[in-house]
Each structure stands twice: as structure tokens, then as C-alpha cells.
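Take a look at the structure below.
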Amino acid sequence: GDSVTQMEGPVTLSEEAFLTINCTYTATGYPSLFWYVQYPGEGLQLLLKATKADDKGSNKGFEATYRKETTSFHLEKGSVQVSDSAVYFCARLSGGYNKLIFGAGTRLAVHP
Amino acid sequence: NAGVTQTPKFQVLKTGQSMTLQCAQDMNHNSMYWYRQDPGMGLRLIYYSASEGTTDKGEVPNGYNVSRLNKREFSLRLESAAPSQTSVYFCASSDTSLGRRATQYFGPGTRLTVL
Numbered sequence: 001g002d003s004v005t006q007m008e009g010p011v012t013l014s015e016e017a018f019l020t021i022n023c024t025y026t027a028t029g030y031p032s033l034f035w036y037v038q039y040p041g042e043g044l045q046l047l048l049k050a051t052k053a054d055d056k057g058s059n060k061g062f063e064a065t066y067r068k069e070t071t072s073f074h075l076e077k078g079s080v081q082v083s084d085s086a087v088y089f090c091a092r093l094s095g096g097y098n099k100l101i102f103g104a105g106t107r108l109a110v111h112p
Numbered sequence: 113n114a115g116v117t118q119t120p121k122f123q124v125l126k127t128g129q130s131m132t133l134q135c136a137q138d139m140n141h142n143s144m145y146w147y148r149q150d151p152g153m154g155l156r157l158i159y160y161s162a163s164e165g166t167t168d169k170g171e172v173p174n175g176y177n178v179s180r181l182n183k184r185e186f187s188l189r190l191e192s193a194a195p196s197q198t199s200v201y202f203c204a205s206s207d208t209s210l211g212r213r214a215t216q217y218f219g220p221g222t223r224l225t226v227l
């Protein structure tokens, strides 16, 4: 069935370091892809999304490009801040538009 | 515009007790969802409702029931709670008439502990 695989955490970085969190998805059709962020004690917030191949989603300095050839949607940020410390989830739509399949989540810790 | 709201925020139950988690959205979305979040497993879909009056099972429906009370409200019921149902529960909603652009918006969650 459809699935999403993302790199295991935790990822620990110093402030202003470059961030990459890898995400790959099973290639059933051309699903819409999402990154959600969960700050401590809170619910999930949409960070960015892409609905077709070669689309680039971006928000708050984060970017991810929908790569059909490699079935990937890696999350990147050029310079992380302590406030970016959170759990990041990659997800894809599946089975029409009513099912969102999540990766296991990657915890990011940014230190001053 | 409150988005998706959930009550309660925290709950402790004893094995065998029942309870209902409430969810409401004010975005006029047609679809609503219940997920559970467990460490290392991401979010898993319990039930969803594609429109008022319809409900369907997700990935992990056993031990749960749902009611789509109206377009705004979607409740999740545990009839006889078990320790395996200790989890964080999230409600979400979406406007699936947007097709590929449909996005799910999440509530703040309910942290449930079953002793």
C-alpha cells in the first residue's frame, strides 16, 4: 500500500546550520505532498505543500521540491533557529482526497 | 475563526470506562477525521467522514465508534477503554472539493491515558 518514509531522528543542529530532512513516498500515482510541523505540546500545523511534480513549496524559510523521478520531497532550510525545534512530518494524499499517509516524524533539536 | 477545536485536552480513564471525544470545525469543511498519534508511528487514521451523514473506517478502527453529528461536529467514542488506547488523539478537517489542493487542518489534540 501507499507509504511515506522519512529519516529517523533526532536531528541535532547548531543555530544557523543547514537542515535537510529526507522524505520519500511510494509512487502510486502523483499524490499531493505535505510537510507538517508539531511544536511541543501542540497539534500539527501545515508547513508547506506541493500538488504536482516539480512544484516547490515554501514557508518560513523552509522549502521542499516535489521530485517525481526520485519520489522524494526533502525538507530544507538554509539557517535554522532555536525556535525551529519541533517534530516534522512528511505526508502524502492517498485513496482519493480523504486519506493522508504520514511518515513516522523526525524530531529536530536546535541548540544556540 | 477558531479552526478545529477539541475537548477535553487531557483525560485519564480506568480500563473499561467509556468516554466521548468532541471535535468541531468552523471552516465549513465537508470532511472530518480522527487520528491517533503514538511514539515512532506518526499519525494513524481511525475513522473519517467524507460528508455529513457518512462515516468510514480508517487504518485502526477497532475499539472506537464515531458520529458525524452535523457538518461542524465529529465525535469519537471509546465504549470500553483499554490501556492500548493510551495515545494522543487529533481531529482534522478538510475541504475535499478542492481535489489535489485539499489540505487537512488539525486540532490541538486530546491526551488520553487509560490505566
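Read top to bottom, the protein sequences are chains A and B.
All letters in the first sequence, in the order written, are residues 1 to 112 by the numbering used here.
All letters in the second sequence, in the order written, are residues 113 to 227 by the numbering used here.
For every residue, glycine included, the Cβ atom is placed at its ideal position computed from N, Cα and C.
Q. In chain order, what residues of the same chain lie with their CB nearer than 8 Å to the CB of Ser-72/A, ignoring the 5 residues before and after it?
A. Taking the first sequence and counting its residues from 1, one reaches residue 72/A at position 72. Here the set comprises Asn-22, Cys-23, Thr-24 and Tyr-25.
Q) Roughly how far, in whole angstroms, is the beta-carbon of Arg-92/A from the beta-carbon of Ile-101/A, given that I think they are within contact range, below 8 Å? A) Position 92 of the first sequence holds residue 92/A. Position 101 of the first sequence holds residue 101/A. Going by Cβ atoms, the distance from Arg-92/A to Ile-101/A rounds to 5 Å, so yes, they are a contact pair.
Q. Who does Asp-168/B pair with in a DSSP beta bridge?
A. As a working note, residue 168/B is residue 56 in the second sequence. In the DSSP output, where bridge partners are listed per residue, Asp-168/B has Tyr-160/B.
Q.
Please tell me whether Ser-32/A has its Cβ less than 8 Å away from any Cβ of chain B.
A. As a working mapping, residue 32/A is identified with position 32 in the first sequence. Yes, its Cβ sits closer than 8 Å to a Cβ of chain B.
Q. Got a sec, what are the start and stop residues for the beta strand (DSSP E) Asn-59/A sits in?
A. Residue numbering aside, residue 59/A sits at position 59 when the first sequence is read from its first letter. It spans 56-59 - the beta strand (DSSP E) in which Asn-59/A sits, taken as one unbroken run.
Q.
So that I know if they touch, is there some Cβ in chain B lying closer than 8 Å to that of Asn-59/A?
A. By 1-based counting over the first sequence, the position of residue 59/A is 59. No, no contact with chain B.
Q. Do you know how far the Cα of Thr-225/B is from the Cα of Gln-118/B?
A. As a first step, residue 118/B is located in the second sequence; it is residue number 6 there, counting from the start. As a first step, residue 225/B is located in the second sequence; it is residue number 113 there, counting from the start. If you take the alpha carbons of Gln-118/B and Thr-225/B, they lie about 16 Å apart.
**Q.** Partner residues on chain B for Thr-51/A, Cβ-Cβ distance less than 7 Å
**A.** In the first sequence, the residue the question calls residue 51/A occupies position 51. Those within 7 Å of Thr-51/A in chain B are Arg-212 and Arg-213.
**Q.** For Thr-51/A, three-class secondary structure by DSSP
**A.** Reading the first sequence from its first residue, position 51 is the one you call residue 51/A. In the structure shown, Thr-51/A sits in coil (DSSP, three-state: anything other than H, G, I, E or B).
Q | Identity of the residues DSSP links to Arg-213/B by a beta bridge | A | Translated into the one-based positions of the second sequence, residue 213/B becomes position 101. Partner(s): none; Arg-213/B has no beta bridge.
Q) So what does DSSP say about Gln-197/B, is it helix, strand or coil? A) Taking the first residue of the second sequence as position 1, residue 197/B is located at position 85. Helix, per DSSP.
Q: Identify the contact partners of Glu-42/A in chain B, using a Cβ-Cβ distance below 8 Å as the criterion.
A: Translated into positions along the first sequence, residue 42/A becomes position 42. Residues of chain B passing the Cβ test: Pro-220 and Gly-221.
Q. Comparing alpha-carbon positions, which option in Arg-156/B, Ser-161/B and Asn-174/B lies nearest Tyr-145/B?
A. As a position in the second sequence, residue 145/B is number 33, starting the count at 1. Here the closest residue by C-alpha is Ser-161/B.
Q | Segment limits, beta strand (DSSP E) that includes Gln-129/B | A | The residue you call residue 129/B lines up with position 17 of the second sequence. Gln-129/B: not part of any beta strand (DSSP E); DSSP gives it neither H nor E.
Q | Short Cβ contact (8 Å threshold) for Thr-5/A with Gly-105/A | A | Position 5 of the first sequence, counted from the start, is the residue given in the question as residue 5/A. Position 105 of the first sequence, counted from the start, is the residue given in the question as residue 105/A. No, they are not a contact pair.
Q. If you measure from the beta carbon of Gly-29/A to each beta carbon in chain B, is any gap under 8 Å?
A. Walking along the first sequence from the start, residue 29/A turns up at place 29. For Gly-29/A, the answer is no, since every Cβ of chain B falls outside 8 Å of its Cβ.
Q. Phe-89/A versus chain B: which residues are under 8 Å apart at the beta carbon?
A. Translated into the one-based positions of the first sequence, residue 89/A becomes position 89. The answer, in chain order, is Gly-154 and Leu-155.
Q. Name the chain B residues whose beta carbon is nearer than 7 Å to that of Leu-47/A?
A. The residue you call residue 47/A lines up with position 47 of the first sequence. The contact set of Leu-47/A on chain B, defined by CB atoms closer than 7 Å, is empty, because the minimum CB distance reaches about 11 Å.
Q) Cβ of Ala-162/B less than 8 Å from any chain A Cβ? A) Here residue 162/B is taken as the residue at index 50 of the second sequence, counted from 1. Answer yes: the Cβ-Cβ gap between Ala-162/B and chain A drops below 8 Å somewhere.
Q: Establish whether the CB of Thr-225/B and some CB of chain A are separated by less than 8 Å.
A: Here residue 225/B corresponds to residue number 113 of the second sequence, with the count starting at 1. False, the Cβ-Cβ gap to chain A never drops below 8 Å.
**Q.** Beta-carbon spacing of Ser-94/A, Pro-31/A below 8 Å
**A.** Along the first sequence, read from residue 1 onward, the residue named residue 94/A stands at position 94. Along the first sequence, read from residue 1 onward, the residue named residue 31/A stands at position 31. Yes, the Cβ-Cβ distance between Ser-94/A and Pro-31/A is below 8 Å.
Q: Give the DSSP bridge partners of Glu-76/A, in chain order.
A: On the first sequence, position 76 is the one that residue 76/A refers to. Thr-20/A and Glu-63/A.
Q: Determine, using beta carbons only, whether Phe-202/B comes closer than 8 Å to chain A.
A: Position 90 of the second sequence, counting from 1, holds the residue named residue 202/B. So, interface residue.
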